[in-house]
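Numbering (this note's numbering), first residue to last: 515 to 844.
Where is the CB? At the ideal position from N, CA and C, for every residue including glycine.
Structure (structure tokens):
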């Protein structure tokens with residue numbers, strides 16, 4: 515009896531040991547599989563003509579990210595506010611924003627960091643009006659219907675332009691429209707003016723259907739390159755790779771304006787020469803300057819004063835240069 519008891523104890527020990535080893539093996543295999551699964555990075559294009567489009571067309575992001583076992587999932591948005599909604603729900607990891615959405619998102623403490631700028635914003639935004647219309651100068655906008663996508667760089671520009679001419683946002687009738695809807699409304703004379711960005715500005719002016727209103731002073735509208743905060747903490751190498759390819763695409767655009775214009779033209783269905791005029795007017799510049807930071811701080815002050823944001827804050831405190839410095843060894 516004792517013999518059989520020892521036998522079954524031995525069998526039980528074997529089963530338990532085998533199960534333990536199998537469990538470890540499965541767990542190890544599970545971890546290995548998980549480790550080998552590609553990371554997915556959500557990259558969003560936010561309207562306009564941006565080097566991200568060049569990088570996507572050339573396949574440079576996919577090529578570089580493959581080194582890190584990363585797959586790119588692209589998405590597109592007409593403007594910044596809807597992009598912010600997706601970012602807040604972790605559906606955007608890397609992108610760029612105009613100054614309006616950038617400031618609003620920071621003020622609301624949404625989970626992203628500013629990791630670079632898209633450019634100085636010197637020629638980014640304008641107010642256009644129909645040719646031969648009733649509006650010839652900013653002062654004529656009082657009481658008029660102005661199309662603008664609320665919370666965008668166009669919105670910020672409009673507030674500043676009105677202020678520079680003794681008017682406020684309360685002196686005009688704001689019609690909140692995304693760019694494509696605003697284009698249709700502008701063409702059908704439902705708007706007296708439209709605060710927008712390129713390619714919409716140049717497209718309408720070159721067609722002869724619109725003129726730009728002159729504004730007192732220089733209004734800069736620098737956009738910001740962004741990364742979702744937690745994504746950056748978990749994948750700093752991918753954020754650095756993103757910045758490297760962004761700069762590669764921006765440099766290629768500057769060196770090859772004709773070819774870049776062809777790529778953007780295919781994307782926007784606009785004439786190549788028109789696109790070339792737009793992209794050569796203001797080259798991309800990823801590195802923040804004192805001028806760029808000051809422009810953002812001025813925007814924050816203006817937006818807080820008119821009640822668009824609830825509080826002022828220091829823009830420079832939200833710039834994380836860690837990634838750009840590591841990417842370019844500055």
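Residue i versus residue j - alpha carbon distance
i           : j           : result
residue 707 : residue 662 : 9 Å
residue 542 : residue 760 : Any reading at residue 542 must be qualified, since the residue scores a pLDDT of 37, below 50, and its modelled position is unreliable; no value is offered.
residue 459 : residue 615 : Beyond the ends of the chain as shown, which are 515 and 844, falls residue 459; an answer cannot be given.
residue 756 : residue 575 : 7 Å
residue 640 : residue 837 : 32 Å
residue 548 : residue 554 : The predicted position of residue 548 is uncertain, since its pLDDT is 38 and thus under 50; a value taken from the coordinates is nonetheless stated next. The straight-line gap from Cα to Cα measures roughly 13 Å.
residue 824 : residue 670 : 15 Å
residue 711 : residue 638 : 6 Å
residue 722 : residue 667 : 24 Å
residue 557 : residue 772 : 26 Å
residue 736 : residue 636 : 8 Å
residue 539 : residue 604 : Summary for residue 539: the model assigns pLDDT 40, below 50, so the residue's position carries little reliability; its value from the coordinates is reported in the next sentence. Rounded to the nearest angstrom, the two C-alpha atoms are 33 Å apart.
residue 632 : residue 720 : 25 Å
residue 703 : residue 687 : 15 Å
residue 803 : residue 830 : 11 Å
residue 649 : residue 747 : 50 Å
residue 782 : residue 584 : 28 Å
residue 620 : residue 832 : 8 Å
residue 691 : residue 568 : 27 Å
Closest Cα partner of residue i within the set the options
i           : options            : result
residue 763 : 799, 594, 728      : 799
residue 609 : 584, 588, 813      : 588
residue 659 : 666, 647, 665      : 647
residue 563 : 817, 828, 767, 812 : 767
residue 787 : 677, 796, 775      : 775
residue 560 : 606, 579, 577, 809 : 606
residue 579 : 754, 628, 625, 697 : 754
residue 816 : 613, 628, 781      : 613
Assigned exposure category for residue i - 16 Cβ within 10 Å defines buried
i           : result
residue 842 : exposed
residue 731 : exposed
residue 805 : exposed
residue 674 : buried
residue 714 : buried
residue 682 : exposed
residue 726 : exposed
residue 751 : exposed
residue 680 : exposed
As assigned by DSSP and simplified to three states, the class of residue i
i           : result
residue 674 : helix
residue 630 : strand
residue 558 : strand
residue 615 : helix
residue 801 : coil
residue 553 : strand
residue 839 : helix
residue 667 : helix
residue 640 : strand
residue 688 : strand
residue 716 : helix
residue 603 : coil
residue 827 : coil
residue 573 : coil
residue 680 : coil
residue 589 : strand
residue 834 : coil
residue 647 : coil
residue 817 : helix
residue 566 : helix
residue 620 : helix
> Of all the beta strand (DSSP E) runs that stay within the bounds of the stretch 720 to 798, which reach a length of 3 or more residues?
Replying inline: 724 to 726, 738 to 742
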